[in-house]
Amino acid sequence: MTNSAFESQLDAKQALLSRIFPPVALVTVATFGWAIRGQAGFGAVPGCVFAGTLIACTWYYWSTRDSLEGTMRPYSSGWSLLALILGIGIEGMHGWSQYGTWIQGKFWIGQNVYWDLNPAFGYAWLFVAAVPLGATGAVFLAWTRQGDHLSTRHWLFRIAFGGVGLGIAIVLFLALRSVILPYWDLAPYNDFENWEGCMDTYFQIMQAMLFMGLFLGFLAFEIWRKHWQNVKLVSIVGLITGVGWLIAKTWMFADEAFPGVSWNWWRCWEASGGFAIGLGYAVAFIACNKRQNVAPTGESGTSVASHPRWQCLLERYLGTYAALITGFTYALTSGIDGIFAIYDDEALAMPYHVIAGIMFASSCGIALLGDFLRRAPHADVIDLDSDHVAIGRLYPVLLSALFIIGLLVTGPITSSSERAFIYFYIVLWAINMAAISIAAIVQPRFRTRTGRLITP
10 MTNSAFESQL
20 DAKQALLSRI
30 FPPVALVTVA
40 TFGWAIRGQA
50 GFGAVPGCVF
60 AGTLIACTWY
70 YWSTRDSLEG
80 TMRPYSSGWS
90 LLALILGIGI
100 EGMHGWSQYG
110 TWIQGKFWIG
120 QNVYWDLNPA
130 FGYAWLFVAA
140 VPLGATGAVF
150 LAWTRQGDHL
160 STRHWLFRIA
170 FGGVGLGIAI
180 VLFLALRSVI
190 LPYWDLAPYN
200 DFENWEGCMD
210 TYFQIMQAML
220 FMGLFLGFLA
230 FEIWRKHWQN
240 VKLVSIVGLI
250 TGVGWLIAKT
260 WMFADEAFPG
270 VSWNWWRCWE
280 ASGGFAIGLG
290 YAVAFIACNK
300 RQNVAPTGES
310 GTSVASHPRW
320 QCLLERYLGT
330 YAALITGFTY
340 ALTSGIDGIF
350 AIYDDEALAM
360 PYHVIAGIMF
370 ASSCGIALLG
380 DFLRRAPHAD
390 VIDLDSDHVA
400 IGRLYPVLLS
410 ALFIIGLLVT
420 GPITSSSERA
430 FIYFYIVLWA
440 INMAAISIAA
450 IVQPRFRTRT
460 GRLITP
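Numbering-wise, the sequence shown is residues 10 to 465 according to the working numbering.
Listed below in structure tokens is the structure:
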């Protein structure tokens, strides 16, 4: 077989794999990550950071591992790691617990008191909450697009658009509380201390509007500058997540449909919600993150060498490695905290999770500083392609470690439903390991964006 024929056959196999493995990987890790969200130690922000770290690592790995000579994927920058971890992680500040009971036609105002409510109200607000919850990471990811160089003026416009969207949301919330808050004239919204349900409703709807306003503001900026690829990326993730969450909420009726079955239906809902988020990113990967030709090194274009030195250093040490260390440290400390929370033992009450996190982050930080002092001052060219290979080697280990942390906070194993979820998580892990292994066999080498051949 001639070399050109071999390259053609290799490229055909890679094209097939790029349509199968990345979407499958994104869906499976998001399903797992979101199912763990809410477990001991992984409530709110820690749970979303855990899921965001899984999605970010998977997106980056599959975006960079199959770059052929003279090509790259537009959303494969090292900054994509920070963007996804941060964008998905901050959504942990966003509550949505009330909407589930609303969908069931019940409005909980507190003290075990429920009033009737039109389920459409719950579906509407769940959609408003879900769209930015899944797509804020996509908004930040759009900012990292390769070759998309914005001036300082345009960056200020981008931030201003988001600020205006946030401001409009605040004004609308304050002006329309009598319309958007159920039973505004009757419910005790002025007594949060005694009526917790009213407090949750007030702040969760406010949060939903603020996050949606911020999301729409940033999306409006991309529409204003007619960057339709970014618009498509953000819209795909947001709409699929929003619709997917509405469908996933049917698990709320499982207890009524199967009254004699003892099962963790809540975990089914969480996993299905993660599936919807992963599906959004999977479709966006296929539709928006296709390989593109780039200019050769030294010419104008989007090659790595065309970027200023300081930008490359920031991408390597802040956008890539610092983001990975932060995400994994957060997952490690939350996991240890969750494991210890399972046991009622005063000896475990000490903040071991904080100590472990400090030790791990400090060790990684020292190693990162040493690498910077060793390489950065003497390098004429910052070769970011080598980072792709390094993280490609690390990815299976990091993925497995995160899965182990998730398995350890799933329990007790004496419960049949918990054992079933443990088996389910192992299957998800095995699917990812199989995809990584098969891809490594079909494509045993990495080609860099600048044409250099690197053997991992």
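A virtual CB, placed ideally from N, CA and C, is assigned to each residue, including glycine.
Would you say residue i and residue j are within 8 Å of each other, going by their C-beta atoms?
i	j	result
Ala291	Pro83	no
Leu219	Leu175	yes
Ile118	Trp43	no
Phe433	Thr62	no
Ala293	Ala65	no
Ala49	Ala350	yes
Ala178	Gly131	no
Phe30	Ile45	no
Ala217	Trp134	yes
Ser86	Glu324	yes
Trp274	Trp254	no
Leu26	Val451	yes
Tyr339	Tyr70	no
Arg300	Thr80	yes
With H, G and I counted as helix, E and B as strand and the rest as coil, what does DSSP make of residue i?
i	result
Ile29	helix
Asn12	Any answer about Asn12 is weak, because its pLDDT of 45 lies below 50 and its placement is not dependable; what the coordinates show is given next. In this structure, Asn12 counts as helix in the three-state DSSP scheme.
Lys258	helix
Asn203	coil
Trp193	coil
Phe267	coil
Gly104	coil
Ile422	coil
Asn121	coil
Thr210	helix
Thr80	strand
Gln238	helix
Gln301	strand
Gly401	helix
Ser446	helix
Phe116	strand
Asp157	coil
Arg186	helix
Asn441	helix
Trp111	helix
Thr306	Annotation note: pLDDT 44 at Thr306 (below 50); position unreliable, coordinate value reported separately. Note: Thr306 maps to coil in three-state DSSP.
Trp43	helix
Nearest to residue i by CA position, among the options, is which residue?
i	options	result
Thr37	Pro55, Gly56, Thr67	Thr67
Ala481	Val243, Pro268, Glu231, Thr153	The structure shown does not extend to residue 481, since the chain is modelled only from 10 through 465, so no value can be given for it.
Lys241	Ile286, Met221, Ala144	Ala144
Ile440	Leu25, Ala34, Thr210	Ala34
Ile402	Gly87, Tyr192, Ala449, Thr423	Looking at the sequence itself, residue 402 is Arg, so the reference to Ile does not match. Of the listed residues, the one whose Cα sits closest to Arg402 is Ala449.
Lys235	Ala178, Thr73, His163, Ile179	His163
Arg276	Ala196, Ala169, Val418, Val451	Val418
Ala296	Gly283, Gln238, Leu248	Gln238
Thr110	Glu100, Trp124, His103	Trp124
Glu90	Gly101, Met215, Thr329	Here the sequence assigns Leu to residue 90, which means Glu is not the residue at that position. Checking every option, the nearest Cα to that of Leu90 belongs to Thr329.
Ala139	Phe284, Arg167, Tyr404	Phe284
Gln120	Trp274, Phe201, Val398	Phe201
Phe51	Ser343, Gln320, Gly96, Phe116	Ser343
Leu416	Pro268, Val451, Met261, Leu341	Leu341
Val243	Val436, Gly47, Ala151, Gly87	Ala151
Ala53	Lys115, Leu142, Pro197	Leu142
Ala196	Ala443, Leu126, Gly282	Leu126
Gly247	Ile97, Arg300, Tyr326, Met442	Ile97
Ala399	Met208, Leu333, Met81, Ala266	Leu333
Ile214	Trp105, Asp264, Tyr404	Trp105
Met442	Ala429, Cys321, Val406	Val406
Ser271	Ser424, Cys207, Ile345	Ser424
Trp88	Val436, Leu165, Ile245, Leu327	Leu327
Gly156	Ala444, Ile348, Cys321	Cys321
Leu183	Arg167, Phe212, Leu165	Phe212
Gly114	Phe262, Gly282, Leu181	Phe262
Gly347	Ala331, Ile414, Gly282	Ile414
Apart from the five residues on each side of it in sequence, which residues of its chain come closer than 7 Å, Cβ to Cβ, to residue i?
i	result
Pro421	Glu427
Val122	none
Ile249	Ala285, Leu288, Gly289, Val292
Gly47	Gly56, Glu279
Considering only residues of the same chain and omitting the five flanking positions on each side of residue i, which have a CB-CB separation below 6 Å?
i	result
Val173	Gly226
Lys258	Ile112
Thr210	Gln107
Phe116	Trp124, Leu126, Pro191
Ordered along the chain, which non-local residues of its own chain (more than five positions away) have a Cβ less than 8 Å from that of residue i?
i	result
Gly438	It is Trp, not Gly, that sits at residue 438 in the sequence shown. Once the five neighbours on either side are set aside, the close Cβ partners of Trp438 are Phe41, Leu408, Ser409, Phe412.
Phe170	Gly226, Phe227, Ala229, Phe230, Trp233
Quick one: measure Cβ to Cβ for residue i and residue j, integer angstroms, because I've assumed they're closer than 8 Å.
i	j	result
Phe136	Gly251	5 Å
Asn298	Ser72	6 Å
Leu190	Tyr198	7 Å
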